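Written out below as structure tokens is the structure these notes cover.
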Amino acid sequence: MSEIAGPEQNRVTQPTPIEQSPIESTPRLQLIQRVHALHEPVTKTDGTVQHWWQVGDTIPPYEGGMELNNNVRTAVSEYVRPNLGPFKEKTASKFGEIDDETLENALIHGWGDVLSDDLGGQRREVLLSVGSLVVNKIESSAYQHALKAATPEQLTGLGLSPHQRDIVVQLLDIIPKADPLFTRFLAFGGQTPEPPEAATGATLFMPDSDIPQTTASLFPKESQYLALRLRLIAAAMGGETIPEGGAAPSPEGQFKEYVRVLGSFLGERDAAKAEALHEDIKKRYVALLKTDFPIVLAPPTEGFFKEPYMDPELRLALATPDAIAEEGAMKKAKDVMADSLDTLGVGQFKDQLKDEPIRCAVTLGAHGVNTLFKAVAQEKPATVLYLDEQERQYDNEFYQQVQRFTDAPAVFPDETDLKKNKQIKFMSRMNTMLHEFSHFIYPDGEPEQLRMGTGKAATVIDEVKAESLYRPLVPHILEAQGLPGTREQWAVAMVSSSFQGLKDEAEDSEYFLNNAYAVNRCVETGIITYSQEGTVTITDYDAFYKAMQDQAQEVLGLYQDEAMTEQKTGDWIKAHCQPSEKLRSLIEILKKTDNS
6 MSEIAGPEQN
16 RVTQPTPIEQ
26 SPIESTPRLQ
36 LIQRVHALHE
46 PVTKTDGTVQ
56 HWWQVGDTIP
66 PYEGGMELNN
76 NVRTAVSEYV
86 RPNLGPFKEK
96 TASKFGEIDD
106 ETLENALIHG
116 WGDVLSDDLG
126 GQRREVLLSV
136 GSLVVNKIES
146 SAYQHALKAA
156 TPEQLTGLGL
166 SPHQRDIVVQ
176 LLDIIPKADP
186 LFTRFLAFGG
196 QTPEPPEAAT
206 GATLFMPDSD
216 IPQTTASLFP
226 KESQYLALRL
236 RLIAAAMGGE
246 TIPEGGAAPS
256 PEGQFKEYVR
266 VLGSFLGERD
276 AAKAEALHED
286 IKKRYVALLK
296 TDFPIVLAPP
306 TEGFFKEPYM
316 DPELRLALAT
326 PDAIAEEGAM
336 KKAKDVMADS
346 LDTLGVGQFK
356 DQLKDEPIRC
366 AVTLGAHGVN
376 TLFKAVAQEK
386 PATVLYLDEQ
396 ERQYDNEFYQ
406 QVQRFTDAPA
416 VFPDETDLKK
426 NKQIKFMSRM
436 NTMLHEFSHF
446 IYPDGEPEQL
456 RMGTGKAATV
466 IDEVKAESLY
476 RPLVPHILEA
486 QGLPGTREQW
496 AVAMVSSSFQ
506 GLKDEAEDSE
516 YFLNNAYAVN
526 RCVETGIITY
536 SQEGTVTITD
546 YDAFYKAMQD
556 QAQEVLGLYQ
566 DEAMTEQKTG
576 DWIKAHCQPS
586 EKLRSLIEIL
596 KKTDNS
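So the sequence shown is residues 6 to 601, counted in my numbering.
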């Protein structure tokens, strides 16, 4: 692929804003320059000095996407880790009290959400996002280096042609600009009150103004850079010329048009046009996921930090052969789960779930909101599992959680440790996917979902729904051979999954609250018991699944109640999703006995 632009082409001409924004290009934060201590040169044990742009030189050989991802993450961690001490010293008033492991997880792995209790304010969240931005720059550079030097065999292992590799390298050059865009959005969120009723994902408002804005009109520097460069990449791809609004005849042609429209969306200052472009993006993205094109570029589709506004995001991943190998079992489980929806009285969503495309992919660059919250999976507008994050955040520890159960040896009998560990890791990632599939019951836009509102309560109840609905369906999926394993194994796996969320997530997060609801009743009634040493027992598996059935019906009843409102949703969450005293005691024991 030829170079997409020279220095003159890269200059972004700023259109006249709809309304001049008072938001500064850089948030005014104390110590912000000191964050750059994270990429100071590092002196090696042999006396040589390594700079951040040389990290790519240290990446070991790899054969597939997961191995490349792990190698890059390890190399970046080894470079940044010696700088954590100086970073903490220079920002002591902000991060000095946070232990090194937690800070490393937040800055290097993008798990800043675990610090929400410790951060205690928007300004430190913004400062943390700037630190993660610095780390992301190092990581993107390392990936570019590895891809440029890839052998034909390595490209085959990544599922890329040389031409597609060049596209990925150029995307890695520009999409990190979504990091400062998100930082500015985060600062904007901290400076503005709750969004007005007219706000949507793509339509934002300044305080005391009824003039609709977009990210391009509020943050023109970053948005217009991304918009121009994405359109240039699309233009440089060559190949088929697609009429405006026409259907592309090939996966690469579809990707070219998707990138072009994504650039148009990011640069659009008119709110109504931005809304239309966003709908177009989502349709094109879903269509791409149904093809075999290996490059997955996730657009902004969800909001966490200032609902209902979408968090700026550009996440680049590859549907590599090792990731695609996981998809067959997941598609089978999805289709069988769809056939079992009648048992909950929601069979009307069967065809919609069966038509839902799924993708497993390996992340190469997670930018924007991912500086603070790197999700394992996304369900809007289609289901994508990021295999690297799933393994890193959940699968690697899952085996240890399962070992808490007193009857684990009987439930998982006569298996070698290696085979058992592989089986349990598979169950961990299938828990994630079954949860994601449940989002498509009363999805966004359905009248039942709209009654829940657009704020935090609606987000929480959506996660409670997703965690509750698949659990009573598991016996039916097993009976129809949509999943391997037994009822007892899956009960242990589902409770283990809840334990991970309860001990790791902040108490105000939707993932803590949905897991509290999932196991509260079982702990209170003695279906789940525990010791002070951290061992756990499911005393009655039939009673467990009966409790899961009852809870699913209770949540579905909320969606089916025509009198439901956002206020009532919030009241129900307060009444049902806080841990009981017994469960709170168990959570403390889980944290104390955590061996991960």
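Ideal placement from N, C-alpha and C gives every residue a C-beta, glycine not left out.
This structure is a prediction, so every number in the text was calculated from the model and none was measured.
- Taking a C-beta distance under 8 angstroms as the contact criterion, Glu571 and Gly458 qualify as a contact pair.
- Shortest Cα-Cα distance from Pro91 to any of Ala111, Val81, Val47 and Thr79 involves Val47.
- Gly370 sits in a strand when the DSSP states are folded into three classes.
- The region 174-184 and the region 349-363 do not touch, with fewer than 3 CB-CB distances between them shorter than 8 angstroms.
- Here the alpha carbon of Gly194 sits roughly 26 angstroms from the alpha carbon of Lys573.
- Nearest to Ala413 by C-alpha distance, out of Thr530, Val497 and Ile592, is Val497.
- In the three-state reduction of the DSSP assignment, Gln408 falls in the coil class, being assigned neither a helical nor a strand state.
- Contact annotation: Phe410 and Val541 have beta-carbon atoms nearer than 8 angstroms.
- Arg265 is not bridged by DSSP to any residue.
- The region 487-569 contains, as complete alpha helix (DSSP H) runs of 4+ residues, the segments 492-509, 515-530 and 546-565 (chain order).
- Judged by DSSP secondary structure, Ala192 falls within the alpha helix (DSSP H) whose first and last residues are Ala183 to Gln196.
- The residues Phe224, in chain order, have a CB closer than 6 angstroms to that of Arg189 in the same chain once the five nearest residues on each side in sequence are set aside.
- In the three-state reduction of the DSSP assignment, Glu307 falls in the coil class.
- DSSP, read as helix, strand or coil, puts Val381 in coil.
- Its chain contains Tyr522 as the residues whose beta carbon lies nearer than 6 angstroms to that of His581, once the 5 sequence neighbours on both sides are disregarded; these appear in chain order.
- Within a 10 Å sphere around the beta-carbon of Ile533 sit 16 or more other beta-carbons, which makes this residue buried.
- Take the alpha-carbon of Leu186 and the one of Lys379: they are about 16 angstroms apart.
- Here the alpha carbon of Leu132 sits roughly 37 angstroms from the alpha carbon of Tyr447.
- Counting other Cβ atoms within 10 Å of its Cβ, Asp467 reaches 16 or more and is therefore classed as buried.
- When the five nearest sequence neighbours on each side are left out, the beta carbons in the same chain lying within less than 7 angstroms of the beta carbon of Glu312 are those of Thr459, Gly460, Lys461 and Thr464, in order along the chain.
- Cys365 is bridged by DSSP to Leu390.
- In the displayed model, Gln583 falls within coil according to three-state DSSP, outside both helix and strand.
- Between Ser501 and Gln395, the CB-CB gap reaches or exceeds 8 angstroms.
- As computed with DSSP, Thr48 is found in a beta bridge with Val54.
- When DSSP reads this structure, Val60 sits in no beta bridge, so it has no partner.
- Close CB contacts of Gln169 within its chain, under the 7 angstroms cut and outside five residues either way in sequence, are with Pro299 and Ile300 (chain order).
- Leu294 is the residue among Leu294, Ser228, Ala371 and His150 whose C-alpha sits nearest the C-alpha of Glu257.
- Annotation for Ser228: Leu186, Thr220, Ala221, Leu271 and Gly272 place their beta carbon closer than 7 angstroms to its own, counting only its chain and skipping 5 residues before and after.
- At a Cβ-Cβ threshold of 8 angstroms, Tyr475 and Ser443 count as neighbours.
- When DSSP states are grouped into helix, strand and coil, Glu94 belongs to the helix group.
- Counting only the Cα atoms, Ile286 lies some 36 angstroms from Gln556.
- When Cβ pairs closer than 8 angstroms are counted between the two stretches, the region 140-155 is seen to touch the region 67-81, the count reaching three or more.
- Taking C-beta separations shorter than 7 angstroms and ignoring five residues to either side along the sequence, the partners of Asp297 in its chain run Pro256, following chain order.
- About 4 angstroms separates the Cβ atoms of Pro217 and Ala276, confirming a contact at the 8 angstroms cut-off.
- For Arg434, the secondary structure class from DSSP, reduced to helix, strand or coil, is helix.
- DSSP, read as helix, strand or coil, puts Ile446 in coil.
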